[in-house]
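Asks: Below is the structure I would like to discuss, written out as structure tokens.
Numbering (the numbering used here), first residue to last: 3 to 293.
Put into structure tokens, the structure is as follows:
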């Protein structure tokens, strides 16, 4: 079974977070430096993107191709932050939530969920199963006759820390696996977790992830070709920056989706990942050749 926590980072209760933080440190109160961090991540402010686009006159058409910052630091200080005259800056005041993009948010979420993990992991193990959690994604493996009991307990544990599990399609799934002769597994539906699928026989990267990667690659090629055409008009080098494309979208890059997929291929003993990505080189060059 896989579960997704509903509005995870936005729902972390500040009082509970502080209490759990103190328990991890085994302190009655947070040390001054820790408390300063706590205040910074719980009393944060933000600006919604759409009103900011409107303020700086960025149209819907321009937004689709916008890649750089919306404004400069000076423009932000003078037009947005200065006395907050535009009313764009929102301040967190409801006692819940930490910013999902901050470097420490993942650590804080683990501190917050530690009590749930400590209670669930041994309980599931006692029933002959396994419990895994990565941020707000939970995987629970157990015998079929223990499924309802363990799911009910998980929901109770989540409720004890003020959180809830998603019940919508794609957010919570149950995959039933049956052992066949020869040690192979058969399932009624693919198990999806952390960007991978497992059908009982082999592991694959989610097809949606491959499609998204291909779409981004083609957009990048189109953008580079367009930039090259603009350079022709100014008498500059008209060549497409192929090295840049290779580093971001092929096996020649060291920190991109392909390098991640290759590492995953090495981890899983039986997988179809290589078959999924083997055409990336040909597809990239096909996109480069299209006029």
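Note that CB positions come from ideal geometry on N, CA and C, so glycine has one too.
The structure presented is a predicted model; accordingly, all values stated were derived computationally and were not measured.
According to DSSP, is residue 204 part of a helix, a strand, or is it coil?
Replies: In the chain shown, counting from the first residue as 1, residue 204 sits at position 202. Correct three-state label for residue 204: coil.
Asks: How would you write the range of the beta strand (DSSP E) that residue 242 sits in, first residue to last?
Replies: Taking the first residue of the chain shown as 1, we reach residue 242 at position 240. It is not in any beta strand (DSSP E) - residue 242 carries neither H nor E in the DSSP assignment.
Asks: Have a look at residue 124 and residue 99 and give me their C-alpha separation to the nearest angstrom.
Replies: Your numbering for residue 124 matches position 122 in the chain shown. Your numbering for residue 99 matches position 97 in the chain shown. The alpha-carbon atoms of residue 124 and residue 99 are separated by roughly 28 angstroms.
Asks: Between which residues of its own chain and residue 258 is the CB-CB distance below 6 angstroms, once the five residues before and five after are set aside?
Replies: Position 256 of the chain shown holds residue 258. If we look at residue 258 and ignore the five residues flanking it on each side, its Cβ neighbours are 250.
Asks: Which residue comes first and which comes last in the alpha helix (DSSP H) that contains residue 46?
Replies: By 1-based counting over the chain shown, the position of residue 46 is 44. Per DSSP, residue 46 belongs to no alpha helix (DSSP H) and is neither H nor E.
Asks: Out of curiosity, what's the CA-to-CA distance linking residue 31 and residue 24?
Replies: Reading the chain shown from its first residue, position 29 is the one you call residue 31. Reading the chain shown from its first residue, position 22 is the one you call residue 24. Rounded to whole angstroms, residue 31 to residue 24 spans 6 angstroms at the Cα level.
Asks: If you compare alpha carbons, which of 207, 213, 21, 185 is closest to residue 192?
Replies: Residue mapping note: residue 192 aligns to position 190 of the chain shown, counting from 1. Of the candidates 207, 213, 21, 185, the one whose C-alpha sits nearest the C-alpha of residue 192 is 207.
Asks: Using the Cα positions of residue 22 and residue 72, report the straight-line distance between them to the nearest angstrom.
Replies: Your numbering for residue 22 matches position 20 in the chain shown. Your numbering for residue 72 matches position 70 in the chain shown. Spanning the two alpha carbons is a distance of roughly 37 angstroms.
Asks: Can you tell me which of 253, 42, 129 puts its alpha carbon nearest to the alpha carbon of residue 93?
Replies: Residue mapping note: residue 93 aligns to position 91 of the chain shown, counting from 1. Residue 42 is the option with its Cα nearest to residue 93.
Asks: Straight-line CA distance for residue 195 to residue 79?
Replies: Reading the chain shown from its first residue, position 193 is the one you call residue 195. Reading the chain shown from its first residue, position 77 is the one you call residue 79. Going from the Cα of residue 195 to the Cα of residue 79 covers about 42 angstroms.
Asks: Report back the beta-carbon spacing between residue 204 and residue 273 to the nearest angstrom; my notes put them in contact at under 8 angstroms.
Replies: The residue labelled residue 204 in the question sits at position 202 within the chain shown. The residue labelled residue 273 in the question sits at position 271 within the chain shown. Going by Cβ atoms, the distance from residue 204 to residue 273 rounds to 5 angstroms, so yes, they are a contact pair.
Asks: In chain order, what residues of the same chain have a beta carbon less than 6 angstroms from the beta carbon of residue 294, not counting five sequence neighbours either side?
Replies: Outside the shown range of the chain, which is 3 to 293, sits residue 294, and nothing can be said about it.
Asks: Give me the Cα-Cα distance between residue 9 and residue 47, rounded to the nearest whole angstrom.
Replies: Within the chain shown, residue 9 is the residue found at index 7, counting from 1. Within the chain shown, residue 47 is the residue found at index 45, counting from 1. Looking at the two C-alpha atoms, the distance is approximately 18 angstroms.
Asks: Does DSSP classify residue 258 as helix, strand or coil?
Replies: Stepping through the chain shown from its first residue, residue 258 is reached at position 256. Here residue 258 sits in coil by DSSP.
Asks: In three-state DSSP terms, what is residue 72?
Replies: Counting from one through the chain shown, the residue named residue 72 turns up at place 70. Looking at residue 72 - three-state DSSP - the assignment turns out to be coil, as it is neither helix nor strand.
Asks: Output the distance between the C-alpha atoms of residue 60 and residue 230, rounded to the nearest integer angstrom.
Replies: The residue you call residue 60 lines up with position 58 of the chain shown. The residue you call residue 230 lines up with position 228 of the chain shown. Cα to Cα, residue 60 sits roughly 24 angstroms from residue 230.
Asks: Give the secondary structure of residue 135 by DSSP, where H, G and I count as helix, E and B as strand, and everything else as coil.
Replies: Taking the chain shown and counting its residues from 1, one reaches residue 135 at position 133. Residue 135 falls in the strand class under three-state DSSP.
Asks: Using DSSP with H/G/I as helix, E/B as strand and the rest coil, what is residue 104?
Replies: Translated into the one-based positions of the chain shown, residue 104 becomes position 102. Residue 104: coil per DSSP, three-state reduction.
Asks: Counting along the chain, where does the beta strand (DSSP E) carrying residue 1 start and finish?
Replies: Lying outside 3 to 293, the shown extent of the chain, residue 1 is not represented and no answer is given.
Asks: Using the C-alpha atoms, what's the distance from residue 174 back to residue 275?
Replies: For this step, residue 275 is matched to residue 273 along the chain shown. For this step, residue 174 is matched to residue 172 along the chain shown. So the alpha carbons of these two residues sit roughly 24 angstroms apart.
Asks: Within the chosen definition, does the region 150-159 reach the region 125-133 through at least 3 CB pairs nearer than 8 angstroms?
Replies: At 8 angstroms Cβ cutoff, the stretches touch.
Asks: Specify the secondary structure class of residue 94 as computed by DSSP and reduced to three states.
Replies: By one-based count along the chain shown, residue 94 stands at place 92. Coil at residue 94, not helix or strand.
Asks: Taking all protein chains shown into account, do 16 or more other C-beta atoms lie within 10 angstroms of the C-beta of residue 294, making it buried, or fewer, making it exposed?
Replies: Residue 294 lies beyond the range of the chain shown here (3 to 293); nothing can be said about it.
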